[in-house]
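Residue numbers (this note's numbering): 2 to 128.
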């Protein structure tokens with residue numbers, strides 16, 4: 002069964018850039034998109050989402066709030082918060098939500114560790 006990653010960002014361009022980086026590193030993974038937290042929560046509720054990569058700054062709920070809600074729904078789901086707002090407080094809040102922190106702009110190098118770890122964790126839980 003294919004792994005599905007949900008890319009959540011209010012910027013279409015940012016979703017495209019992140020999607021290309023994911024495709025380069027995990028070409029077999031299916032990529033879905035959401036433009037805000039409520040859409041992301043609805044997609045996750047439908048099922049089939051294995052990994053979530055989310056922007057921090059979005060209208061409505063921010064990425065850290067979304068990460069906390071997703072963590073409550075699925076304690077083992079690999080989550081990453083992506084932002085250009087590289088401040089200790091934001092990084093600490095991401096870690097408190099048990100989410101990885103990835104600085105923007107998203108690059109293959111920036112995503113490599115997170116996606117590798119997510120793939121390992123998913124294989125272990127499906128085994």
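Glycine included, each C-beta is placed from N, C-alpha and C at the ideal position. If you're wondering where the values come from, they're calculated on a predicted model, not measured in any experiment.
Supposed contact pair residue j and residue i - C-beta distance, whole angstroms, cut 8 Å
{"i": "residue 106", "j": "residue 18", "result": "7 Å"}
{"i": "residue 56", "j": "residue 5", "result": "About 18 Å; that fails the 8 Å criterion."}
{"i": "residue 79", "j": "residue 118", "result": "7 Å"}
{"i": "residue 84", "j": "residue 64", "result": "7 Å"}
{"i": "residue 82", "j": "residue 68", "result": "6 Å"}
{"i": "residue 3", "j": "residue 29", "result": "6 Å"}
Reduced DSSP secondary structure (H/G/I, E/B, other) of residue i
{"i": "residue 18", "result": "helix"}
{"i": "residue 108", "result": "coil"}
{"i": "residue 115", "result": "helix"}
{"i": "residue 92", "result": "helix"}
{"i": "residue 143", "result": "Absent from the model: residue 143. The displayed extent of the chain is 2 to 128, so no value can be given."}
{"i": "residue 77", "result": "coil"}
Alpha carbon of residue i to alpha carbon of residue j, nearest angstrom
{"i": "residue 62", "j": "residue 38", "result": "6 Å"}
{"i": "residue 99", "j": "residue 72", "result": "8 Å"}
{"i": "residue 31", "j": "residue 90", "result": "32 Å"}
{"i": "residue 101", "j": "residue 35", "result": "19 Å"}
{"i": "residue 59", "j": "residue 108", "result": "20 Å"}
Outcome for residue i when other beta-carbon atoms lying within 10 angstroms are tallied against a minimum of 16
{"i": "residue 95", "result": "buried"}
{"i": "residue 10", "result": "buried"}
{"i": "residue 124", "result": "exposed"}
{"i": "residue 126", "result": "exposed"}
{"i": "residue 22", "result": "buried"}
{"i": "residue 121", "result": "exposed"}
{"i": "residue 14", "result": "exposed"}
{"i": "residue 41", "result": "buried"}
{"i": "residue 74", "result": "exposed"}
Which residues DSSP lists as bridging residue i, in chain order
{"i": "residue 56", "result": "83"}
{"i": "residue 35", "result": "9"}
{"i": "residue 103", "result": "83"}
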